[in-house]
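When you line the sequence shown up against our numbering, it's residues 15 to 193, in that order. Idealized CB from N, CA, C, for every residue including glycine. Values in this document were obtained by computation on a predicted structure and should not be read as measured data. Following: one structure in structure tokens, then a few remarks.
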Amino acid sequence: IRKKYGNNSKEVDSVWKLISKIDSLNRVIVFDILDKYGWPDTSLIGIKANIAIWVVIHHTPDLKIHKKYLPLLQKAVENGFNKYYLALTIDRIEMEKRKKQIYGSQIMQNPWNKDKWILYPLKNPTEVDKRRKDMGLPPIAKYLKKWEIEWDPIEYKKISNKLLREVRRNSRKYRKTHK
């Protein structure tokens, strides 16, 4: 839909509204399970159900929720759940705190070109592939290619701090207009 109508189209917006509604219904169920029983072991519910729980948590737009369930996710990873999901969650938390991400899993709308995506600010971009490999993530260039983002760590390093300032500036504007 994005390719056909563009990132800022009413069609894309209507899909996101539907996803948001479904996510909010799923949150009620997932939070109840996690609060009562902890993170279910994959041997009990299977990998697909475990990933579904993670998706609900990951798509919750609330830093407090991510922090609350992070220890449960860490324990699940210790018990065999894929650490890939932990990496994405850690990056999401850093992003919500308006800090640089560690593993390069989070992208955002390019603030200078709204029809394109850009990698959310990243710590030490020249070392990211080593960190990604340790967490079971593919090389950053391969991941970003899916989003039509060309990866050049040297060029990215030059704009990373400017991008983070833009994120922080826009988040202050957003908070002021959405109180």
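#1: Below 8 angstroms between beta carbons: does that hold for Asn64 and Phe45?
#2: Go ahead and pull the three-state DSSP assignment for Ile104.
#3: Would you mind giving the Cβ-Cβ distance between Val103 and His72, rounded to the nearest angstrom? I have them listed as a contact below 8 angstroms.
#4: Specify whether the stretch 113-131 and the stretch 81-90 touch according to this definition: at least 3 beta carbon pairs, one from each stretch, less than 8 angstroms apart.
#5: Just mark Tyr157 as buried or exposed, buried being the case when its beta carbon has 16 or more other beta carbons within 10 Å.
#6: Reducing DSSP to helix, strand and coil, say where Trp30 ends up.
#7: To the nearest angstrom, report how far apart Tyr19 and Trp30 are at their CA atoms.
#8: If we call anything under 8 angstroms between Cβ atoms a contact, is Met149 one with Lys113?
According to the structure data:
#1: It is not a contact, given that the beta carbons lie outside the stated cut-off.
#2: Ile104 carries a helical assignment under DSSP once its states are collapsed to helix, strand and coil.
#3: A quick correction: the sequence has Thr, not Val, at residue 103. Yes, Thr103 and His72 are in contact; Cβ-Cβ is about 6 angstroms, under 8 angstroms.
#4: Fewer than three pairs of CB atoms, one per stretch, sit closer than 8 angstroms, so the stretch 113-131 makes no contact with the stretch 81-90.
#5: Buried: at least 16 other Cβ atoms inside 10 Å.
#6: Trp30 carries a helical assignment under DSSP once its states are collapsed to helix, strand and coil.
#7: When rounded, the distance between both Cα atoms is 14 angstroms.
#8: Not in contact: Met149 and Lys113 (Cβ atoms no closer than 8 angstroms).
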